[in-house]
Amino acid sequence: MIVAAAICPSPPLLASGMTGQAEILPDLRIACAAAVARLLAAAPDVVAVVGPAEATAPFDPAGELSLASYAPALRAARPSSGNSMEWEAGSSAAAPALPLALGIGAMLLDEAGYQGPRAYEGVAEYEPAAACLALGAGIAASAPRVALLAMGDGTARRSASAPGYLDERAAPFDEAVERAVRTADLPALTALDPALAADLLAAGRPAWQSLAGALSVPVNHLTGAAGRLQTEVLYSDAPLGVAYLVATLIPQ
Amino acid sequence: MDDVAAAVEQRAQLQRAPGLLRLGGHEFAPGRPLVMAIVNRTPDSFYRPGLTWDEAAALERVHAAVAEGADILDIGGVPAKPGPEVTVAEEIRRVVPFIERVRAAYPDLVISADTWRHESATAMCAAGADLINDTWSAWDPSLAEVAAEFGAGLVCSHVGTLTPRTRPHRPAFADVVADVIDRVLLLAERAAKAGVDPDRIVIDPAHDFGKNTWHSLEITRRLSELTATGWPVLMSVSHKDFVGETLGADLGDRLAGTLAVTAVGAWLGARIFRAHDVKETRQALDMVASIKGDRPPARAVRALA
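Right under this line is the structure:
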């Protein structure tokens, strides 16, 4: 069952060193780190990371973000210091590459110092809600204490300079997602329209719906009722035209 | 054949591993190219003559150069080109009080003394210069002793058979790059033997000095042969005649050509770039450093959101 869940976005710019000498969106980084810290504070048996991928499939628990796919000069994971691109050799240079969303999740766990078991679940961008719910339920049932990190970005059409240009439907869509998360309205997440989400380049839709599936599993074995969720939105903004949502959902 | 083998052997001995370059109290790693800003205390240098003849103007120029990213100031009181005699006393009068003022304003800035005479170099080092930029290839051989005495650095350059402040007339080389390497390595070795810290010795092929335009293009094209010696290479090409002749560009129209040579030199591993245009040179060097992978972009966000 799920002991804690969190939502984080997965822009490549979250990766260490990716933005060059400038520190971009430090408040977003802080929010993501805080969300992951809460997951780990729940003392999980395993941290499951779910995120959009080309196909629905589990990925190698030893996988890592492929930094080189985005910044070929960044050959390994950590900058050594200062105004230099001399990087310290990564601990596992030959680790299999994860899709971006899962890779950023892996990086966040690394940065939090998490050493325990991990599971990476890719969920296809086109996966219908029912399949996402089922995937989430499976994740919840995978261990007695599962922490779930759902890597989900909002729309990418929030402004004229956004990657997908401005779409007037984008802001209301993101607001609806945020409201659903804040109020623990899992049916509202489940009801998100995959076609509209795809139109608005909201890559997080299958991850959010997987999270809804994981948290909908009854936690009270006597009554069969879904438990109450304590939710907190740590970040919700679209400073670069892509909606970033950071939140935690902790079953009580 | 024995002579050739001996020469090859000797050249190999004069090579060194690329490493730290020490100037003043600073240590510079190989991946960080340096801008040496030109401050002429002369009324008649070739480019923008008299621009910093006035002391207040010269100090303004220093402030601007530092703000634009200069790592080194190269201060000189005698133009390279032929002209009215500048005595040692006059050279010292032009530059020494100025070096003292700059040193007082910038205690940590690397100051280079652009001179070829040991009397002037002594006074300039006593005033605070950290490096002697001897563009005239040890015409005065005791410059190395001055550098050693003050713990200063020394630029070892190549000018063929020229004497200071003369123009080349029909210089010819069997192989100009080999001639340059032989000369600057000989001087570097001599300087080290005289007691100059090897980490403070710089070599300079000296574009245009004792060379025609073809020669300067050749040493640019084959600069990697100089950088391969391991000694830090200084490029002094700003607005020079070989740029003008190559492009058919007048004196006021050589910035693009200067920056192109700068970029090629940086790509091939030169470490110090003597420049009139500090901001533009710094940008060109930063761009090349990032292409090489030595410097992260200032800000990379495009398509990463």
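Going down the list, the protein sequences come from chains A and B.
For the record, in the first sequence the residue sitting at position 147 is 147 according to this note's numbering, with numbers rising by one throughout.
Quick note, this note's numbering runs 252 ahead of the 1-based positions in the second sequence.
Each residue gets a CB set at the ideal place from its N, CA and C atoms; glycine is no exception.
These figures come from a predicted structure and were not determined experimentally.
| Check | Outcome |
| --- | --- |
| Minimum C-alpha distance to V354 (chain B) - residue among B:G329, B:L325, B:G405 | B:L325 |
| Distance between L40 (chain A) and T190 (chain A) (C-alpha atoms, nearest Å) | 26 Å |
| Residue environment, Q209 (chain A), which counts as buried when at least 16 other CB atoms sit within 10 Å | buried |
| Coil, strand or helix - S558 (chain B) by DSSP | There is no way to answer for residue 558 (chain B), as the model of chain B reaches only from 253 to 557. |
| Minimum C-alpha distance to D386 (chain B) - residue among B:G380, B:P359, B:T415 | B:T415 |
| For P450 (chain B), the three-state DSSP class (helix, strand or coil) | helix |
| Contacts around M18 (chain A), its chain only, beta-carbon distance under 8 Å, and the 5 residues preceding and following it disregarded | P12, L67, Y70, A71, L74 |
| CA nearest to the CA of Y299 (chain B), picked from B:S490, B:R551, B:K544 | B:S490 |
| Under 9 Å between C-beta atoms of V146 (chain A) and D237 (chain A) | no |
| Selection from B:E279, B:E470, B:G504, B:A310 that minimises the alpha carbon distance to T294 (chain B) | B:A310 |
| Minimum Cβ-Cβ distance from T56 (chain A) to chain B less than 9 Å | no |
| Neighbour-count burial assignment, H528 (chain B), 16 or more Cβ in a 10 Å radius | buried |
| Interface partners of V73 (chain A) on chain B, CB under 7 Å | In the sequence on display, residue 73 (chain A) carries Ala and not Val. Under the 7 Å cutoff, chain B gives G545. |
| Beta carbon proximity, Q209 (chain A) to chain B, threshold 9 Å | no |
| C-beta neighbour in chain B for T19 (chain A), strict 9 Å | yes |
| Helix, strand or coil at M151 (chain A) [DSSP, three-state] | strand |
| Interface partners of A557 (chain B) on chain A, CB under 7 Å | P11, L13, P163, L240, G241, V242 |
| Rounded Cβ spacing between S394 (chain B) and H370 (chain B) (contact assumed at less than 8 Å) | 4 Å |
| is_contact[A552 (chain B), chain A] using C-beta, thresh 9 Å | yes |
| Where M1 (chain A) sits in the DSSP three-state scheme | coil |
| N- and C-terminal bounds of the alpha helix (DSSP H) containing I30 (chain A) | 26-41 |
| Other residues of its chain near P336 (chain B): CB distance less than 8 Å, five sequence neighbours each side excluded | D296 |
| Chain B within 9 Å of I24 (chain A), Cβ atoms only | yes |
| Reference A375 (chain B), options B:V340, B:W388, B:L520, B:V407, closest by Cα | B:V340 |
| Interface residues of chain A facing P393 (chain B) [CB-CB closer than 8 Å] | What P393 (chain B) touches in chain A: nothing, since even the nearest Cβ is about 39 Å away. |
| According to DSSP, residues forming a beta bridge with E279 (chain B) | B:R274 |
| Exposure of L486 (chain B), with buried meaning 16 or more beta-carbon neighbours within 10 Å | buried |
| First through last residue of the alpha helix (DSSP H) which encompasses Y70 (chain A) | 67-70 |
| Neighbour flag for A156 (chain A) against chain B, beta carbons, 9 Å | yes |
| Candidates B:A480, B:G509, B:P484: closest to F494 (chain B) by CA position | B:G509 |
| Proximal residues of chain B, C-beta to C-beta of Y70 (chain A) below 8 Å | L556 |
| Interface flag, P270 (chain B) vs chain A, CB-CB below 9 Å | no |
| Segments assigned beta strand (DSSP E), at least 3 residues, entirely inside the stretch 370-416 of chain B | 383-386, 405-409 |
| F425 (chain B) versus B:A322, B:R551, B:H315, B:D434, residue with shortest Cα-Cα distance | B:D434 |
| Candidates B:P331, B:A319, B:V287, B:G276, of which the one nearest L303 (chain B) by Cα | B:P331 |
| Environment of I24 (chain A) [buried if 16+ CB atoms lie within 10 Å] | buried |
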